[in-house]
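> Here you go, one structure.
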Amino acid sequence: MADNVAGGGSGARRWAAEPGFWREVSDHLGAGLAVVDTAGLIAAVNPAAEELLGRTAAELTGEDFHELLHRRADGSAPPRERCPLLTALARRTPAHGERGSLLRGDGHLVPVDWSGVPVVRDGRLLGMTVLLTGATAGRRPYGDRSTHMIALEDFTDRMALVAEITSALAQTLDTEEALGRLGRLLVPRLADWAAVDLRVGNAAEDEVRRVAVTGPEGRDTGREVWREPLPAAAAHSRSPLVRVLHGGEPVLLGAGELTAPPDSPLAAVQSGFLRSVGATSAITAPLGTARQIIGALTLVRTDPARPFDAADLALVGDIGRRVGLAVNNARLFGRQREIAAAMQHNLLITPPQPGPLRLTARYQPAPVGSQVGGDWYDAFLLRDGATALVIGDVVGHDLTAAAGMAQLHGMLRSLAWDHTGPPGAIVDRLDDAIPAITNVPMATLVLARVEGPEGGPWQLRWTSAGHPPPLLVTADGHVEYLEQGQNLLLGSRLGGGGRTDATVPLPPGSTLLLYTDGLIEVPGSDLDTGLGRLRRHAAALAGRPLDEFCDRIIGRMASGSTDDIALLALRVPASGGSGGGAGAGAGVSRSAR
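In our numbering, each residue carries its 1-based index in the sequence shown increased by 369.
Quick look at the structure:
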């Protein structure tokens, strides 16, 4: 940040520290501010720019700055390639111009002086902030042009920091990861040390835990032992940290506040931390809003020549509100994810063992930070002696999807047990019932029947409602996707008659694999690539015992997946009904990794 500038930095810091300064920079007359994107289109203007240009923000936003406003003295538009503002934008360099002419909304030209500073985040150009002042106004509310440039550069840096923090927090729903990103953005850019305290437990206990401490890069991080449970935030304490945790405003701590004797155990711990890191200036701000404070953010500077000021206080207060909302969202997501995961685990049964056939299932939840989906499997014996196999996925990745999965699970079991018809007819009945009985918008599934006498041979009869095709692997490693029996997904409501079935014999020693799309879909890769990988791995593992076959398939395929994965595998005995061969004794397992 632009803290001190030769020949005028200290004076700039004095007026920049005045309360409400940044609001004045953006809102007051005499300092018009426009923000343009990388194409030179106007993204935002402040009221001062509206008055200067005689146009409303609605009239300006989205318009080309050069085409709409730039004019020569005779009123004609100069060529774009000669526009100094667009040139500076392309080169990512600051620029300024004097006595330029802009076209007001009433058709008159207004002479202006302007200064532009590029906004860059993580090396990527976002646009440019442009400060506009009337060249004949004769007054400079914040001093000369160098003062204006200091203000604009500092203001741009602060806006970029807030934008980066907002973007970083929005990219994850994992609290620990979010706070780690926050620390890396704040240190050393804004502070030398950063600490985050969160309130945990119920309100009566009022437990506080220090969950993140970030220090300067390269410095001994031994002081991060301060990450631990903290004493309760006693209401009587006047400690800045306690006041903030109880709903107080952000607090700026100078030398006097830093050396004040602590008046509570929590204040003593905070004072010890500040002394340990050599604090000469600090800010403690609430995380969250006035209605819900979930913790506190403490930033520390150790250079006495670079203390925090009122402008920093306002900035950190804004950051605290944004961080609080992000952490609260992550907590809500975490609780929802736990409920959804528990619901799935309670419904994912241990498959039966129908005679010499062997069934094994696997369920792998989405990685931490990803949303739980509606993936499920089922297997059960039917009244006529056949074995029903089901794999499905409800559209969505939240608690609603998990609840929908539970509804379909129960409905399909009931319909399949009550109606001993072909799979397509049962799924038709399920599709008819979905809008009347459930809140499921759409879902995919495969419903299959394994039919045959106890000693074999067996055949598979199935229907697919928009689900990835079953995979049949013979004992000698021949692999085939069963792409017949494909129908519209559940909930499509397009009509078109009954669903079709397909049948195929199950050769001795073969393996049937049903799976959800999380197994074959990885971000950055297409579906055909995923299907090809699964085919190759299944062929190579064809002779492995069934449990090992499933474990290795998930191990080889699941790397990089951000979705739930469900598998249901059936192994046919190598010969007759003896139960021998690769599938014999493979047992039953259901795991959640």
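We treat Cβ as the ideally placed atom computed from N, Cα and C, and that holds for glycine. Just so you know, these numbers come straight off a predicted model, no measurement behind them.
For alanine 464 versus leucine 454, is the C-beta distance shorter than 8 Å?
Residue 464 sits at position 95 when you count from the first residue of the sequence shown. Residue 454 sits at position 85 when you count from the first residue of the sequence shown. Contact: yes.
> Can you give me the C-alpha to C-alpha distance between tryptophan 827 and leucine 875, rounded to a whole angstrom?
On the sequence shown, residue 827 is found 458 positions in, with the first residue counted as 1. On the sequence shown, residue 875 is found 506 positions in, with the first residue counted as 1. Between tryptophan 827 and leucine 875, the C-alpha separation is close to 6 Å.
> What does phenylalanine 749 pair with, by DSSP beta-bridge criteria?
Translated into positions along the sequence shown, residue 749 becomes position 380. In the DSSP output, where bridge partners are listed per residue, phenylalanine 749 has Ala757.
> List in chain order: all unbroken alpha helix (DSSP H) runs of 4+ residues lying wholly within the region 582-663.
609-614, 624-628 and 634-645
> For alanine 772, collect the residues of the same chain with a Cβ closer than 6 Å to its Cβ; drop the 5 residues on either side in sequence, then sort them by chain order.
For the purposes of this step, residue 772 is taken as residue 403 along the sequence shown, with counting starting at 1. The answer is none, since no qualifying residue turns up.
> In angstroms with no decimal places, state the Cα-to-Cα distance between leucine 859 and arginine 913.
Residue 859 sits at position 490 when you count from the first residue of the sequence shown. Residue 913 sits at position 544 when you count from the first residue of the sequence shown. Their Cα atoms are separated by approximately 35 Å.
> Under 8 Å, with one C-beta from each stretch per pair, do the region 678-694 and the region 639-647 reach the 3-pair mark?
no
> Grab the span of the alpha helix (DSSP H) containing histidine 906 for me, first residue to last.
If you number the sequence shown from 1, residue 906 lands on position 537. Taken as a continuous stretch (DSSP letters only), the alpha helix (DSSP H) holding histidine 906 covers 896-909.
> Select from Gly790, Ala908, Pro619 and Arg451 the residue whose C-alpha is nearest the C-alpha of glycine 846.
Here residue 846 corresponds to residue number 477 of the sequence shown, with the count starting at 1. The option with the nearest alpha carbon to glycine 846 is Ala908.
> Taking leucine 799 as part of the alpha helix (DSSP H), name the residues at either end of that continuous run.
Mapped onto the sequence shown, residue 799 falls at position 430. Its alpha helix (DSSP H) spans residues 792-806.
> Between which residues of its own chain and glycine 507 is the CB-CB distance below 7 Å, once the five residues before and five after are set aside?
Looking up residue 507 in the sequence shown gives position 138. For glycine 507, the predicted model reports a pLDDT of 43, less than 50, meaning its position is unreliable and no value from the coordinates is stated.
> Considering only their Cβ atoms, is the gap separating leucine 495 from valine 486 smaller than 8 Å?
The residue labelled residue 486 in the question sits at position 117 within the sequence shown. The residue labelled residue 495 in the question sits at position 126 within the sequence shown. No. Outside cutoff.
> Suppose you measure from the CA of aspartate 672 to the CA of arginine 558; what does that come to, to the nearest Å?
Residue 672 sits at position 303 when you count from the first residue of the sequence shown. Residue 558 sits at position 189 when you count from the first residue of the sequence shown. So the alpha carbons of these two residues sit roughly 14 Å apart.
> Measure the CB-CB distance between valine 842 and serine 879 and report whether it falls below 8 Å.
On the sequence shown, residue 842 is found 473 positions in, with the first residue counted as 1. On the sequence shown, residue 879 is found 510 positions in, with the first residue counted as 1. In this structure, serine 879 lies closer than 8 Å to valine 842 by Cβ.
> Looking only at its own chain, which residues have a Cβ that is under 7 Å from the Cβ of leucine 627, when we skip the five neighbours before and after it?
For the purposes of this step, residue 627 is taken as the residue at position 258 of the sequence shown. Contacts found: Leu643, Ala648 and Ala651.
> Straight-line CA distance for glycine 824 to histidine 836?
Taking the sequence shown and counting its residues from 1, the one referred to as residue 824 is at position 455. Taking the sequence shown and counting its residues from 1, the one referred to as residue 836 is at position 467. Glycine 824 and histidine 836: Cα-Cα distance of roughly 30 Å.
> Could you tell me if aspartate 443 is buried or exposed, where buried requires 16 or more neighbouring beta carbons within 10 angstroms of its beta carbon?
For the purposes of this step, residue 443 is taken as the residue at position 74 of the sequence shown. Per the 10 Å Cβ criterion, exposed.
> So, for isoleucine 662: in the same chain, excluding its five sequence neighbours on each side, which residues have a beta-carbon less than 8 Å away from its beta-carbon?
In the sequence shown, residue 662 corresponds to position 293, counting from 1. These residues qualify, in order along the chain: Arg568, Val613, Leu614, His615, Gly616, Pro655, Leu656 and Gly693.
> In three-state terms, what does DSSP make of aspartate 787?
By one-based count along the sequence shown, residue 787 stands at place 418. In the structure shown, aspartate 787 sits in a helix (DSSP, three-state: H, G or I).
> Under the three-state reduction of DSSP, which class applies to alanine 943: helix, strand or coil?
Mapped onto the sequence shown, residue 943 falls at position 574. In the structure shown, alanine 943 sits in coil (DSSP, three-state: anything other than H, G, I, E or B).
> Exposed or buried, proline 448, counting other C-beta atoms within 10 Å across all chains shown (16 or more means buried)?
On the sequence shown, position 79 is the one that residue 448 refers to. Classification of proline 448: exposed, given that the 10 Å Cβ count is below 16.
> Pairing CB atoms from the region 406-416 with CB atoms from the region 429-443, are three or more of them under 8 Å?
By the C-beta criterion, the region 406-416 is judged to be in contact with the region 429-443, since at least 3 inter-stretch pairs fall below 8 Å.
> Measuring only the C-alpha atoms, how far is proline 480 from glycine 893?
Locating residue 480 in the sequence shown gives position 111, counting from the first residue. Locating residue 893 in the sequence shown gives position 524, counting from the first residue. Roughly 51 Å separates the two Cα atoms.
> Within the continuous alpha helix (DSSP H) that includes histidine 435, where are the two ends?
In the sequence shown, the residue the question calls residue 435 occupies position 66. That run of the alpha helix (DSSP H) goes 434-438.
> Using the DSSP secondary-structure output, state which residues sit across from isoleucine 934 in a beta bridge.
Position 565 of the sequence shown holds residue 934. Its beta-bridge partners are Gln733.
> In angstroms, rounded to a whole number, what distance separates the CA positions of glycine 686 and alanine 547?
Residue numbering aside, residue 686 sits at position 317 when the sequence shown is read from its first letter. Residue numbering aside, residue 547 sits at position 178 when the sequence shown is read from its first letter. Between glycine 686 and alanine 547, the C-alpha separation is close to 18 Å.
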